[in-house]
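A short worksheet on the structure shown next.
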């Protein structure tokens with residue numbers, strides 16, 4: 020008789036911007052500059068609303084806004100990564116919100132998996148986290164999902180659902196878009212108001228949040244209790 024496979028541990032998929040890290044005031048300008056460099060011309064600043072969107076989506080939408088060819092997408096991503104290496108170890112260095120290091124450590128201590136589900140590319144995510152002083156080795160990069168080419172965030176959660184079949188998965192993020200993407204894949208969503216949205220906005224039904232906390236220091240015990248319940252099945 021063959022033994023049944025061991026159940027896969029809880030996978031906690033973290034958003035980066037606004038969740039693991041505070042948002043930076045210079046982020047929108049980086050997309051604009053990357054597109055200028057890729058296009059080889061100066062452009063009027065027409066940056067799109069970015070919160071909750073993937074890098075891929077922001078670039079697609081901005082290229083369309085300028086009437087530039089979609090074929091520039093890869094060149095824009097390359098420029099953005101090069102700029103990020105300088106930005107996130109220098110003037111654009113991010114800060115880690117209160118409560119994040121403790122919760123990440125407690126997830127690991129339970130034997131669960133910390134991983135990323137982010138609109139950034141792997142390199143951009145690494146530069147941001149490392150530049151902010153958050154140990155990149157705390158996260159399982161092979162179980163992470165990146166949106167530098169994704170047109171919508173739900174592309175990432177559906178990809179995660181396929182890759183992590185059999186595991187219990189939860190998304191932690193800071194925007195209603197994180198909740199919409201989680202809902203699309205059947206994942207529960209924990210919302211933290213350390214980004215651009217307030218607690219009341221994240222409690223709206225369209226955000227699909229199972230738990231909403233102002234930050235992960237105040238909300239630590241509530242979030243951990245919820246995760247314990249998920250892991251217990």
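Numbering (my numbering), first residue to last: 20 to 252.
Positions of the beta carbon are idealized from the N, C-alpha and C atoms, including for glycine.
Going by CA-CA distance only, name the one from 120, 72, 55, 98 that's closest to residue 198.
Taking the chain shown and counting its residues from 1, one reaches residue 198 at position 179. Nearest C-alpha to residue 198: 72.
Would the segment 189-198 and the segment 59-74 be scored as touching if the rule is three or more Cβ pairs under 8 Å?
yes
Rounded C-alpha distance that separates residue 250 from residue 203
Along the chain shown, one-based indexing puts residue 250 at 231. Along the chain shown, one-based indexing puts residue 203 at 184. If I take the Cα positions, the gap works out to 21 Å.
Assign residue 83 to buried or exposed, taking buried as 16 or more other Cβ atoms, counted over all protein chains shown, within 10 Å of its Cβ.
Stepping through the chain shown from its first residue, residue 83 is reached at position 64. With fewer than 16 other Cβ atoms within 10 Å, it is exposed.
Can you find the residues in the same chain that come closer than 6 Å, C-beta to C-beta, to residue 94, ignoring five residues on each side of it along the sequence?
Taking the first residue of the chain shown as 1, we reach residue 94 at position 75. The residues are 57.
Might you give, ordered along the chain, the residues of its own chain that have their beta carbon closer than 7 Å to the beta carbon of residue 123, omitting 5 neighbours on each side?
Numbered from its first residue, the chain shown carries residue 123 at position 104. Taken in chain order, the residues that qualify are 133, 157.
Looking at the structure shown, is residue 36 part of a helix, part of a strand, or coil, going by DSSP?
Translated into positions along the chain shown, residue 36 becomes position 17. Strand at residue 36.
Return the chain-ordered list of same chain residues with a C-beta closer than 6 Å to the C-beta of residue 186, the five sequence neighbours on each side being excluded.
Stepping through the chain shown from its first residue, residue 186 is reached at position 167. 27, 30, listed in sequence order.
Consider the C-beta atom of residue 87 and the heavy atoms of the ligand HEM; say whether any pair is separated by less than 7 Å.
The ligand content of the structure shown is nil, which means the ligand HEM is not present either.
Quick check on this structure: which residue in 217, 222, 179 has the alpha carbon closest to the alpha carbon of residue 205?
As a position in the chain shown, residue 205 is number 186, starting the count at 1. Here the closest residue by C-alpha is 179.
State yes or no: is the C-beta of residue 215 within less than 8 Å of the C-beta of residue 75?
Here residue 215 refers to the residue found at position 196 when the chain shown is read from its first residue. Here residue 75 refers to the residue found at position 56 when the chain shown is read from its first residue. In this structure, residue 75 does not lie closer than 8 Å to residue 215 by Cβ.
In three-state DSSP terms, what is residue 162?
For the purposes of this step, residue 162 is taken as residue 143 along the chain shown, with counting starting at 1. The answer is helix: DSSP assigns residue 162 an H, G or I state.
Helix, strand or coil at residue 23 according to DSSP, with G and I counted as helix
Position 4 of the chain shown holds residue 23. Caution applies to residue 23, whose pLDDT of 45 falls short of 50 and renders its modelled position unreliable; the model cannot decide the point.
Start and end residues, beta strand (DSSP E) containing residue 132
Numbered from its first residue, the chain shown carries residue 132 at position 113. Unbroken beta strand (DSSP E) run through residue 132: 132-137.
Tell me, to the nearest whole angstrom, how far the beta carbon of residue 144 is from that of residue 135; I am working on the premise that it is less than 8 Å.
Mapped onto the chain shown, residue 144 falls at position 125. Mapped onto the chain shown, residue 135 falls at position 116. So it is a contact: roughly 6 Å between Cβ atoms.
Residue 192 in three-state terms, based on DSSP:
The residue given as residue 192 occupies position 173 in the chain shown. Strand.
Inter-residue Cα distance where the pair is residue 248 and residue 126:
Here residue 248 is taken as the residue at index 229 of the chain shown, counted from 1. Here residue 126 is taken as the residue at index 107 of the chain shown, counted from 1. Those two C-alpha atoms are separated by around 13 Å.
Which residue from 224, 200, 231 puts its Cα closest to that of residue 209?
The residue you call residue 209 lines up with position 190 of the chain shown. For the residues 224, 200, 231, the minimum Cα distance to residue 209 belongs to 231.
Taking only runs that begin and end inside the segment 28-81, name each unbroken beta strand (DSSP E) of 3 or more residues, in chain order.
30-33
In three-state DSSP terms, what is residue 115?
Walking along the chain shown from the start, residue 115 turns up at place 96. Coil, per DSSP.
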